[in-house]
Amino acid sequence: MTRVKKYIIANRWGGQALISLFISILSGVVVALQYNAAEPFYSTATLEFVIPYGAFWRGLHYYSSQAFFLLLLCHLGVILWQKEYSYTRFAWIRLTASVPVTILLLFTGYVLRGDATGEAAGAIAEHIALSIPLLGRPLNNLLFDVMAGGVQKIYANHLIGLMVLGTICVWPHLRRYTAYFRNHALLSLTLVFLSIVLSTPMEPERIGLTHIAGPWFFLGLQELLRFLPVFWAGVAAPTALIAALFLLPEHGQQRKYTLFFILTWLLGYTVLSVVSYGRI
Amino acid sequence: MHKAEQGIREERRRFLGSSLQWAGAILSLALTYPLFRFLGFTVKPKPRFVTVAAPLPLSGYHAERDFILFAGDGKPFAVCRTCTHLGCRVNFLEDKQIIECPCHQSRFTPQGKLISGPAKKDLTRFTVETKKTPEGLISGYVVTL
Chain P
2 MTRVKKYIIA NRWGGQALIS LFISILSGVV VALQYNAAEP FYSTATLEFV
52 IPYGAFWRGL HYYSSQAFFL LLLCHLGVIL WQKEYSYTRF AWIRLTASVP
102 VTILLLFTGY VLRGDATGEA AGAIAEHIAL SIPLLGRPLN NLLFDVMAGG
152 VQKIYANHLI GLMVLGTICV WPHLRRYTAY FRNHALLSLT LVFLSIVLST
202 PMEPERIGLT HIAGPWFFLG LQELLRFLPV FWAGVAAPTA LIAALFLLPE
252 HGQQRKYTLF FILTWLLGYT VLSVVSYGRI
Chain L
1145 MHKAEQGIRE ERRRFLGSSL QWAGAILSLA LTYPLFRFLG FTVKPKPRFV
1195 TVAAPLPLSG YHAERDFILF AGDGKPFAVC RTCTHLGCRV NFLEDKQIIE
1245 CPCHQSRFTP QGKLISGPAK KDLTRFTVET KKTPEGLISG YVVTL
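In the order they appear, the protein sequences are chains P and L.
The opening position of the first sequence corresponds to residue 2 in the numbering used here, with each subsequent residue numbered one higher.
The opening position of the second sequence corresponds to residue 1145 in the numbering used here, with each subsequent residue numbered one higher.
Written out as structure tokens, the structure is:
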């Protein structure tokens, strides 16, 4: 247990997350050169089956993006556990805002697939955004707007908007902490290897499709939407978690309570995700 | 005298600088209104007319990307395939004779009436017109989206 704990603490999760992100960006540029947002599913299918090595580049982009997200969460988890940081409230919020931005990046990537999962995800996200009073319509117009404009805005946000936002969030952090490919050769090779041997998910639209499972990190949300009104399940619940992270006190009893709330939220979400997965 | 002149110049510089900043702020603020009006506008989609050739299969229905057309014994009608819960594409389950959403399993009758599930509204129905040959036989169905 102590060895595991030592390994977890000593591992350079942040550097690994950054290298995964670099690979994701590079492979994303490659994929974007052949991707056509006017025909999302056709484009994804041609990438997968027609374009030489398209399946590899698409796979590399997918797996490096997933790795980035998971490693980012591990990095955050260890940081919160070790409590070896000191930021002003603004700096903390700015930095941790990279987590919801990352989730949105991953999510928009799913929608861009244009398959059954992607289309459903886009439609659900749009309706969730529209459920927000006052700000819902402008927010949807900015982020999604799938019904009116297809994946146009989602593509623009995935490529540029969210990347710029993410960079703004982590810029001071990146200036302080760097990562080099040569220090993460094993990770890089693992991602390349996974992209070769594993297939990348794609769910074509078909008449007999009776169940669509959303992106894995939204399975819990999908389950919650079954029982609660859209605003409470899709907006209030996730916002509670993000707000707790943003406002996490630096020390004291309040910090313990907030961390307890975050862990309880995550545990509940995991249970819902498992229930949702069981329906597949 | 020289110091007084310098002081005046600095004061003037500060004033001009501050005025420029204020002007910039007011201009940016003024631009937000046309910006939000522009971004917030949704262009209404052109009406689309989708023609489905007759006759339909024996099952009596035909599924397109955006609608399911039913043309059995009675008047033909088409229901929108967008679920009224959260917008997922619904499917017609021929064996159960219901329309079901694969996302959260909201269920509707073939006519689009809500049966069960988290959806609250019936499915939208589209106008269907029939195209006839000179002999009066139905050659196709035109669905207006």
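C-beta: ideal position from N, C-alpha, C; glycine also.
All values reported here derive from a predicted model rather than from experimental measurement.
- Among the CB atoms of chain L, one or more fall inside 8 Å of the CB of P/ASN142.
- Chain-ordered, the chain L residues with CB closer than 7 Å to the CB of P/GLU120 read ARG1233.
- By the rule that beta-carbons nearer than 8 Å mark a contact, L/THR1186 touches chain P.
- Within the DSSP bridge table, the entry for L/ALA1207 names L/ILE1212 as partners.
- Beta-bridge analysis with DSSP links L/CYS1224 to L/PHE1211.
- In the pairwise beta carbon analysis, the stretch 1245-1265 of chain L is classified as not touching the stretch 1157-1170 of chain L: fewer than three pairs are separated by under 8 Å.
- Three or more Cβ pairs closer than 8 Å define a contact, and the stretch 117-125 of chain P meets that threshold against the stretch 146-158 of chain P.
- Rounded to the nearest angstrom, the gap between the Cα atoms of L/HIS1248 and P/ALA157 is 29 Å.
- Around L/HIS1248, the beta-carbon contacts reaching into chain P at under 8 Å are GLN223, LEU226 and ARG227.
- In this structure the stretch 90-108 of chain P does not lie against the stretch 202-214 of chain P, because fewer than three pairs of beta carbons, one per stretch, are closer than 8 Å.
- Note: L/LYS1275 is bridge-paired with L/GLY1284 in the DSSP secondary-structure output.
- Sorting L/LYS1264, L/PRO1246, L/THR1271 and L/LYS1265 by C-alpha distance to the C-alpha of P/GLN223 places L/PRO1246 at the top.
- By a beta-carbon distance limit of 8 Å, L/ILE1212 does not contact L/ILE1242. Their separation comes to about 12 Å.
- Around the beta carbon of L/ASP1239, fewer than 16 other beta carbons lie within 10 angstroms, which makes this residue exposed.
- Contact of P/ARG59 with chain L is not assigned, every C-beta pair being separated by 8 Å or more.
- Nearest C-alpha to L/ILE1282 among L/ALA1215, L/ARG1269, L/THR1228 and L/ASN1235: L/ALA1215.
- Residue-level contact by beta carbon holds for L/PHE1180 and chain P, with a gap shorter than 8 Å.
- L/GLY1151 sits away from P/GLU127, with the two beta carbons spaced by 8 Å or more.
- Among the residues facing chain L, P/HIS76 is not included, as its CB has no counterpart in that chain under 8 Å away.
- With contacts defined as CB atoms closer than 8 Å, P/LEU71 and P/CYS170 fail to qualify as a contacting pair.
- Taking the beta carbon of L/PRO1262 as reference, the chain P residues within 8 Å of it are LEU226, ARG227 and PHE228, listed in sequence order.
- Annotation for P/LEU72: the continuous alpha helix (DSSP H) segment containing it runs 55-83.
- Between the alpha carbons of P/GLU49 and P/HIS62 lies a gap of roughly 12 Å.
- Of the candidates L/ARG1156, L/ARG1269, L/GLU1154 and L/SER1250, L/ARG1269 places its Cα closest to the Cα of L/PHE1221.
- Bridge partners of L/LEU1237 according to DSSP: L/ILE1242.
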